[in-house]
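As they're listed, the protein sequences go chains A and B. So the first sequence is residues 119 to 448, counted in the working numbering. So the second sequence is residues 3 to 336, counted in the working numbering. From the three backbone atoms N, C-alpha and C, an ideal C-beta is built for every residue, glycine too. The structure appears below as structure tokens.
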Amino acid sequence: MKKLSKLLTTAAIATGLFAGAASAEDMRIALVVKALGIGFFEAAAKGAEEAASELGGVEIIYTGPTDTTAEGQIEVINSLIAQNVDAIAVSANDTDALVPTLKKAMQRGITVISWDSGVAEDGRQMHLNPSSNPLIGNMIIKLAADELPEGGEVAVLSATTTSTNQNIWIDEMNKVMGNYPGVEVVATVYGDDLADKSYREATGLMQSYPDLDAIIAPTSVGIVAAAQAVVDAGKVGQVNVTGLGLPSEMAGAIESGASKSFAIWNPIDLGYSATMIAYHLSKGDAVAEPGASIPMGRMGEVTLDETNSGAMADPFVYDASNIADFKDIF
Amino acid sequence: MSLAETQKTAARHIPDRLTTPLARTLKSWESLLLLVAIGIFILNSFASPYFLNAWNLSDATFNFTEKAMIAFAMALLIISGEIDLSVASIIALASTAMGLVMQAGFGTPAIVATGLVTGLLCGAFNGVLVTRLGLPSIVVTIGTMSLFRGISYIVLGDGAFRGYPSDFAWFGQGYVFWVITVELMIFAILAVIYGIVLHKTNFGRAVYAIGNNATAATFSGIRVERVKFILFLLTGLMSGLASVCLTSRLGSTRPSIASGMELEVVTMVVLGGVSILGGSGSIPGVVIAAFVMGLVTFGLGLLNVPGIVMSIVVGALLIGVIALPRIYQNLRRT
């Protein structure tokens, strides 16, 4: 213990020497993810690297804990603070638990933003959502309507009646129905995000509405089950399944033709945009305040709302042309 | 005292590290571990320019202080031949209880008391099952590991308690003076207390005796079940204390809090030279092991080594430090 305290004192003196040597380097932006080894985040890291090479003079530190714990993320962030990185962009395992640590980072002059999974307001300068509820609501009906130039009957297969996200998206979808004349929502059913129940509900829809043209499933469980139900009912080509899904799970449905296209956020774009925002905020040529616009390179710019959060873009559309590139990623 | 006779007849000797001669101390586990710790410290200072910074090292202590608080009590428990795998779940339950008390509008003293009492009750529950019903502690605590955290999940679901009073943050975010955090101070005080209890009191000797030969200990007049029950109580209490610190540091409670921490605590204890079979070990060893684990994870973190590689290093370190003396012994014997 005595030895340690002695070393601690010498340490304080030594720091001054080292600090000078480290300052002339590149800007270091840390991309902190929920856990390492997850395809979605590996893809986001690719996007971050893309942004770094586009900007030049930026080093990306891609890091995160072994499993998705807040404690693990705090350890990682503590070591990033110790390294005095320029910016931290984090997808949080816990909205609240990271706040004290991230506050400390901001006190020491580090730019802190959250992306994908947010941090409470006082723990970050801004939050980047992959998309927004109105954009998602519009996208799911647009995907169905684009295949129905003459109009037609569509049905919604949602998660549970109480799923907050799905209910909001369906509401937003209903608000923009006027833009898609001739397209009519004939029913909304709930598969409870269970594969077998979603499958039965989808089958039931096709029996109740023989002229059904599309099933919109804004849930990754429902969309896969609905595609399977369409294949099993021999209705490929008659009923198009669309909505929100994961490329890895939907590759088969795209191949079989049960689904012409579906949407979800693109992790590469997300990592790219988060890096761009962190760069501009850290450099000081953009400010995170309500109403501000921050440039995101090829993704345009993000406008912040009153909680300092903003939406990146429309959900990204996956179809036969690009599914092969993404199905191994997430 | 019949304890001396037990010492002679028991298969293994009862070690008492404090009275060993200097030469034996130098060859001891603690010295080996201290060498490892110093080696890691020096390596780290060369590997990263950010390591030798008082504030950074102060931040790094959070990597081990909470775990070490539990590790002290766990060391005694393991020396006595028992184990408690429910400690991380006790943290979750205690944190949940504190959240409920906080929501009911009580202040910091009541919140802290709730955390400690919940820990004690959980420890008592484990202790009763093991000592009264005679169930194996590993089975009981694997059960309560799910039970305690399960209750937290029922109470909280996917929600969280937040909005702890600002003075509550002192435990996990406060400083006593300069870079010495409150948690580090608690750690240091506990190290002294547990060191004295284990190495200088009758109770401590009883713990060793039970771990070496519980039957012999019973016949020499030690109330084995009572000692073990107290050790479970202590482990529960320490988990409650760790819960206070961790909750204060995070400023919020989620049922997934501290998940997986029980194995890190056991790792720390075993790395500290405590025999997993019971009967031997020391508090100084656990203290050094805490620093070793903290320094390794922080040093590797500074180099941005992925967590997966980090767990491999900690695993290899554990096996290496345990295997080396054994290999050395075998070589000397042949």
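Rounded C-alpha distance that separates residue 210/B from residue 149/B = The straight-line gap from Cα to Cα measures roughly 30 Å.
Below-8 Å beta-carbon distance, residue 425/A vs any chain B residue = With respect to chain B, the C-beta atom of residue 425/A has no partner C-beta closer than 8 Å.
ask   = Quick one: what's got a C-beta closer than 7 Å to residue 186/A's C-beta in the same chain, skipping five residues either side?
value = Cβ within range, chain order: 152, 153 and 211.
request  = Identify the continuous alpha helix (DSSP H) that holds residue 427/A and give its terminal residues.
outcome  = Counting along the chain, residue 427/A sits inside no alpha helix (DSSP H); it lies in the beta strand (DSSP E) bounded by residues 427-429.
Closer than 8 Å to chain B by CB, residue 176/A = Residue 176/A is outside the set of residues whose beta carbon lies under 8 Å from a beta carbon in chain B.
request  = Determine, using beta carbons only, whether residue 217/A comes closer than 8 Å to chain B.
outcome  = Among the CB atoms of chain B, one or more fall inside 8 Å of the CB of residue 217/A.
inquiry  = I'd like to know if residue 164/B contacts chain A, where contact means its C-beta is closer than 8 Å to some C-beta of that chain.
reply    = Interface residue, yes.
task = Could you spell out the range, first to last residue, of the beta strand (DSSP E) harbouring residue 229/A?
result = Counting along the chain, the beta strand (DSSP E) containing residue 229/A begins and ends at 229-233.
task = Below 7 Å CB to CB, which residues in the same chain sit around residue 298/B once its five sequence neighbours on both sides are set aside?
result = Cβ within range, chain order: 42, 315, 316 and 319.
query = Roughly how many angstroms lie between the CA atoms of residue 232/B and residue 176/A, to the nearest whole one?
reply = If you take the alpha carbons of residue 232/B and residue 176/A, they lie about 56 Å apart.
request  = For chain B, find out if any of its Cβ atoms is closer than 8 Å to the Cβ of residue 312/A; answer yes or no.
outcome  = With 8 Å as the cut-off, residue 312/A does not count as an interface residue toward chain B.
query = Any idea what DSSP makes of residue 67/B, helix, strand or coil?
reply = Annotated three-state conformation of residue 67/B is helix, per DSSP.
message = Using 8 Å as the cut-off, can you tell me whether the region 307-323 of chain A makes contact with the region 271-286 of chain A, which would need three or more C-beta pairs spanning the two stretches below that distance?
response = Yes, the region 307-323 of chain A touches the region 271-286 of chain A.
request  = Give me the Cα-Cα distance between residue 138/A and residue 308/B, rounded to the nearest whole angstrom.
outcome  = Since pLDDT at residue 138/A reaches only 37, below the 50 mark, its modelled position is unreliable, and the value read off the structure follows with that caveat. Rounded to the nearest angstrom, the two C-alpha atoms are 27 Å apart.
key: Assigned secondary structure, residue 299/A (DSSP; H/G/I helix, E/B strand, else coil)   = Residue 299/A falls in the coil class under three-state DSSP.
ask   = Excluding the five sequence neighbours on either side, which residues of its own chain have a C-beta within less than 7 Å of the C-beta of residue 287/A, listed in chain order?
value = 251, 254, 255, 258 and 336, listed in sequence order.
ask   = Counting Cβ pairs closer than 8 Å, one from the region 418-427 of chain A and one from the region 240-251 of chain A, do we hit at least three?
value = The region 418-427 of chain A, when compared against the region 240-251 of chain A, does touch it at the 8 Å Cβ threshold.
ask   = Using the rule of at least 16 other Cβ atoms within 10 Å of the residue's Cβ for burial, across every protein chain shown, is residue 329/A buried or exposed?
value = By the neighbour-count rule (16 or more Cβ atoms within 10 Å), residue 329/A is not buried but exposed.
request  = In the DSSP assignment, find the unbroken beta strand (DSSP E) run with residue 146/A in it and report its ends.
outcome  = Start and end: 145-150.
request  = Enumerate in chain order the residues of its own chain whose CB-to-CB distance from residue 104/B is below 6 Å, with the five nearest sequence positions on each side excluded.
outcome  = Leaving aside the five residues that flank residue 104/B on each side, the residues in its chain whose CB is nearer than 6 Å to its CB run, in chain order, 113 and 166.
query = Between residue 175/B and residue 251/B, what straight-line distance do the alpha-carbon atoms span, to the nearest angstrom?
reply = Cα to Cα, the separation comes out at about 5 Å.
query = Where do the ends of the beta strand (DSSP E) carrying residue 271/A lie?
reply = For residue 271/A, the uninterrupted beta strand (DSSP E) segment begins and ends at 270-276.
query = What does residue 337/B pair with, by DSSP beta-bridge criteria?
reply = This structure gives no information on residue 337/B, because the portion of chain B shown stretches from 3 to 336.
key: Against chain A: residues of the region 306-325 of chain B by CB proximity under 8 Å   = Sequence-ordered contacts of the region 306-325 of chain B with chain A read 306, 308, 309, 310, 312 and 313 [C-beta pairs closer than 8 Å].
ask   = Near residue 396/A, what residues of its chain come up, given a Cβ to Cβ distance below 7 Å and the 5 sequence neighbours on each side ignored?
value = Excluding positions up to five away in sequence, the list reads 147, 205, 207, 229 and 231.
query = Which of the three DSSP states, helix, strand or coil, is assigned to residue 308/A?
reply = The answer is strand: DSSP assigns residue 308/A an E or B state.
inquiry  = For residue 293/A, count the other beta carbons within 10 Å of its own beta carbon; 16 or more makes it buried, fewer makes it exposed. Which is it?
reply    = Under a 10 Å Cβ-count criterion, residue 293/A is classified as exposed, with fewer than 16 other Cβ atoms of the shown protein chains found around its own Cβ.
ask   = Listed from N- to C-terminal order along the chain, which residues in the region 196-212 of chain A have their beta-carbon within a distance smaller than 9 Å of any beta-carbon of chain B?
value = Against chain B - using a Cβ distance shorter than 9 Å - the residues of the region 196-212 of chain A are 196, 197, 198, 199, 200, 201, 202, 211 and 212.
Cross-chain neighbours of residue 35/B in chain A, by beta carbon under 7 Å = Against residue 35/B, chain A offers no close residue; the least beta-carbon distance is about 14 Å (beta-carbon pairs closer than 7 Å).
ask   = Of all the beta strand (DSSP E) runs that stay within the bounds of the region 207-252 of chain A, which reach a length of 3 or more residues?
value = The qualifying runs are 229-233 and 244-247.
ask   = Which residues of chain B have a Cβ atom closer than 8 Å to the Cβ of residue 188/A, listed in chain order?
value = Under the 8 Å cutoff, chain B gives 252, 256, 258 and 259.
message = For a test of the three-state rule: what should DSSP assign to residue 214/B, helix, strand or coil?
response = Three-state DSSP puts residue 214/B in a helix.
key: Euclidean distance between Cα positions of residue 312/A and residue 284/A   = Approximately 15 Å between the Cα atoms of the pair.
CB contact check: residue 61/B to chain A, cutoff 8 Å = Yes, residue 61/B counts as interfacial toward chain A.
query = So is residue 299/B in contact with chain A if we call contact Cβ pairs under 8 Å?
reply = Contact with chain A is found for residue 299/B, since one of that chain's Cβ atoms lies less than 8 Å from the residue's Cβ.
request  = Give a yes or no on whether the C-beta atoms belonging to residue 447/A and residue 408/A are separated by under 8 Å.
outcome  = At least 8 Å separates the beta-carbon of residue 447/A from that of residue 408/A.
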